[in-house]
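Peer 1: Once you've had a glance at the structure underneath, I'll fire off some questions.
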DNA sequence: GATTGCATCGTACGGCGTACGAGTCAATTG
DNA sequence: CAATTGACTCGTACGCCGTACGATGCAATC
């Protein structure tokens, strides 16, 4: 009754995934569904970027009317949240692992997290939206388990998880926004060298010109893990 | 001539800051200027958030017509870039410092960076926009100098700067989006405990409920600095 | 056959960014 | 002093957006 303003219309109940197949579709196209909407939204986002996702175009791709989406989704914002959560799905590592493999396990999970998002660069720009979908929570839970097994005390888990999350998200968003095209790179080159009297150190480090993103990510990650989890692979390596 | 599509109109030349004061303003309000536009944009962003910044409202606040802004700015995107750069201004540390103080210096610069952005939470959501304004470059240059003085080799500077940048930006964006209000916190509480069978570790760590953001930031930062810069404050502390 | 509830969609509204071109006024030029 | 120029302002209008609303259609149920 006094619902905010969203649920005035019905909405597909979030109970089970009942594969109910209706007798025949109302049109030639398959019927709408949350899954279809979200996967198509990801396609559209991949193709056109964040600004390219418009409800009308999404509906077009689905062979549906624009307003039909709102039976399933509630708002465009919700589409973003669901799409972001979808690309973060994680199936875990295939093989079982030894107890001492926690570190490889953690690195794999975090590298894969970043890689998943970089496969869909638009996802990095949605990071500021406080979405905690099931897939994100799954990853966090798994990360917590790994750290726990590595000997991190419960009291320190909070800090460890957040530090790693922060680092991974920062690395993702930076890479997604600063991985310049060839043209951009030469432009940046010129700009920096033109201002080189003001920014000599930046120029010397070739910060924007040939960064080894993945290597840098891995290295910083190692340092963080060294500090956050005790023992094993001491920092005197 | 073959300019993209933006500079078809004139635009305040970016030469010097000539404090040319015209004889009398065309209206009672002070005349428009890039500075006035950007500072007012920051005010509006502080008050209304990212979605609250509309060209018409910005113009209203300035006592001007909406289209007058476009003489000075070129597009709304540019306003965002300029506003982001403005809040990142850094005047460096007041006192001079000893050569061995590099670590305090670095921590101060990075903590202040994060604090500056948290003072304007909208700025975190603009991080994905590849803006390298002068103030951001200044900070990066200063950070590079500090690390250089700490003994980081030129070849490692790139990695060190990016690792720190990534961590700081991640911590900022996370804190800005996940620092929940009291209501949100209890809602999250309920949600997590309801799903506690799926996420026992997250629940145990009280991840969203009482995180010590600033402490966690500081701790992770220390670990990164331990790894990135050799010597001093060894990891056996 | 009537009712109910799920699902779809056409229309329309208000608001957005901004292109365009006409206006104003100070400084410059002859 | 008149004419011209160029820096700056702004009213209007266009196209597009998200989505509220209400009218449908259709399957299952009574």
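Protein chains in written order, with the numbering used here: chain S, 1111 to 1347; chain V, 1111 to 1347.
Every residue gets a Cβ at the ideal spot worked out from N, C-alpha and C, and that includes glycine.
#1: Can you give the beta carbon distance from residue 1216 of chain S to residue 1267 of chain S, rounded, assuming they're within the 8 Å contact cut?
#2: With a threshold of 7 Å on Cβ separation, who are the neighbours of residue 1186 of chain S within its own chain once the five nearest residues in sequence on each side are excluded?
#3: Taking 8 Å as the CB-CB limit, is residue 1276 of chain V close to chain S?
#4: Would you kindly work out how many angstroms separate the C-alpha atoms of residue 1293 of chain S and residue 1293 of chain V, rounded to a whole number?
#5: For residue 1199 of chain S, does the three-state DSSP call read helix, strand or coil?
#6: Could you compute how far the alpha carbon of residue 1335 of chain S sits from the alpha carbon of residue 1238 of chain S?
#7: Which bits of chain V does residue 1314 of chain S rub up against, with CB to CB less than 9 Å?
#8: Contact between the segment 1280 to 1296 of chain V and the segment 1277 to 1285 of chain S: three or more CB pairs below 8 Å?
#9: Any C-beta of chain S sitting closer than 8 Å to the C-beta of residue 1212 of chain V?
#10: If we ignore side chains and look at the alpha-carbon of each, how far apart do residue 1338 of chain V and residue 1328 of chain V end up?
#11: With contact counted as at least three CB pairs below 8 Å, one residue from each stretch, are the segment 1227 to 1243 of chain S and the segment 1186 to 1197 of chain S in contact?
#12: Under a three-way DSSP split, which group does residue 1135 of chain S fall into?
#13: Hey, how far is the Cα of residue 1301 of chain V from the Cα of residue 1307 of chain V?
#14: With 8 Å as the threshold, decide whether the Cβ of residue 1333 of chain S is near any Cβ in chain V.
#15: Using the Cα positions of residue 1160 of chain S and residue 1221 of chain S, report the straight-line distance between them to the nearest angstrom.
#16: Name the chain S residues whose beta carbon is nearer than 7 Å to that of residue 1296 of chain V?
#17: Hey, how far is the Cα of residue 1212 of chain V from the Cα of residue 1260 of chain V?
#18: Who are the neighbours of residue 1157 of chain S on chain V, taking C-beta pairs under 9 Å?
#19: Which whole-angstrom value is the C-beta distance of residue 1146 of chain V and residue 1172 of chain V, which I expect to be below 8 Å?
#20: What's the gap between the Cα of residue 1176 of chain S and the Cα of residue 1236 of chain V?
#21: At the 8 Å Cβ level, is residue 1309 of chain S part of the contact set with chain V, yes or no?
#22: Taking all protein chains shown into account, decide if residue 1132 of chain S is buried (16 or more other Cβ within 10 angstroms of its Cβ) or exposed.
#23: Please return the same chain residues whose Cβ sits closer than 7 Å to the Cβ of residue 1226 of chain V, not counting the five positions on each side in sequence.
#24: Which whole-angstrom value is the C-beta distance of residue 1273 of chain S and residue 1325 of chain V, which I expect to be below 8 Å?
#25: From residue 1323 of chain S to residue 1310 of chain V, what distance separates their C-alpha atoms?
#26: Using the Cβ count rule (16 or more neighbours within 10 Å means buried), how would you classify residue 1150 of chain V?
#27: Report back the beta-carbon spacing between residue 1413 of chain V and residue 1318 of chain V to the nearest angstrom; my notes put them in contact at under 8 Å.
Peer 2: So, from the listed chains and residues:
#1: Actually they do not touch by this definition, with Cβ atoms about 13 Å apart.
#2: 1165
#3: yes
#4: 48 Å
#5: coil
#6: 25 Å
#7: 1254, 1258, 1264, 1267
#8: yes
#9: no
#10: 15 Å
#11: yes
#12: Confidence is the limiting factor: at residue 1135 of chain S the pLDDT is only 39, short of 50, which leaves the residue's position unreliable, though a coordinate-based value still follows. Residue state, collapsed to three classes: coil.
#13: 11 Å
#14: yes
#15: 23 Å
#16: Going along chain S, no residue has its Cβ under 7 Å from residue 1296 of chain V, so there is no contact; the nearest lies around 15 Å.
#17: 6 Å
#18: The premise fails here: residue 1157 of chain S is roughly 18 Å from chain V at the closest Cβ pair, so nothing lies under 9 Å.
#19: 6 Å
#20: 29 Å
#21: yes
#22: At residue 1132 of chain S the pLDDT is 36, less than 50, meaning the model places this residue with poor confidence and gives no usable figure here.
#23: 1197, 1198
#24: Between residue 1325 of chain V and residue 1273 of chain S the Cβ distance is about 11 Å, and since that is not below 8 Å, they are no contact.
#25: 34 Å
#26: buried
#27: Any property of residue 1413 of chain V remains undetermined from this structure, which presents chain V solely from 1111 to 1347.
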